[in-house]
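Using our numbering, the letters of the sequence shown correspond one by one to residues 42 to 208.
For each residue, glycine too, the CB sits at the ideal point set by N, CA and C.
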Amino acid sequence: KQWYQRRVAITAGDDVYGCPTLRSHHGTSPSPDPTSPGSGAAGLKIPREVKLTPEEKWRLEAEGYDITMFKKHITTQEERALKKIRRKIKNKISAQESRRKKKEYVEGLERRVDMFSSVNEDLRGKLSELEAINRALQDKIIFLTNQQQRSSSRLRNSTAISTQTET
C-alpha cells in the first residue's frame, strides 16, 4: 500500500468519469471531505455518473458497449474503451483541424498564383509594348544614320567637286 501511495499523483485530479479523485502525496493523505461518497482511504474514486457526449455514445454503441452501463460504475475494460474512444475523438478533431489549415493554406497559395498570373500577364503586355517602341526607335536610328551618311557623302562629294573646280 505504501508503494502505491508513493506512485500516485501529487494532487487531486479528474478521472475518466469526469469526477475528482482523492490521491496521496508521498504517503501523506489529504484530508478528504467526510461528506463525499467514498471518502476515507486515499486513492479512491468518488463514483459519479459518467457524462458522455453524443459522439462518445455513438462510438461506444458502434463498438458494442451498452451505454446504459455507463451510469455509475464502469469496469476497467469499459474505462479503457472510453479512454480509447476519447482519444479517437481528439485525434479526429485534430485531423479535421489539420485538414482545415491545409485547405486554407492551399487556397491562399491559389489566390497568390491567380494574382501573380494576372500581374505576369500585365507585365507581358507592357513588355510587348516596349519591344514595339524599341523596334520603332531602332528603325528610326537606322533611318537617321543612313540619312546622315548620305548627307555627309553628298557634302564630301560637293566639297570634292568644288575643290576640283577651283583648281
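Item	Value
Through-space distance from glycine 105 to lysine 98, alpha-carbon basis	11 Å
Proline 123 vs isoleucine 108 beta-carbon contact at 8 Å	Reading off the sequence, residue 123 comes out as leucine, not proline. Result no, Cβ atoms of leucine 123 and isoleucine 108 do not sit closer than 8 Å.
CB-CB length for isoleucine 126 against arginine 100, believed under 8 Å	5 Å
Distance CB(isoleucine 130)-CB(glutamate 96) smaller than 8 Å	yes
Where the alpha helix (DSSP H) containing leucine 101 begins and where it ends	95–103
Three-state class that DSSP yields for lysine 92 in the structure shown	coil
DSSP three-state assignment for threonine 116, whether helix, strand or coil	coil
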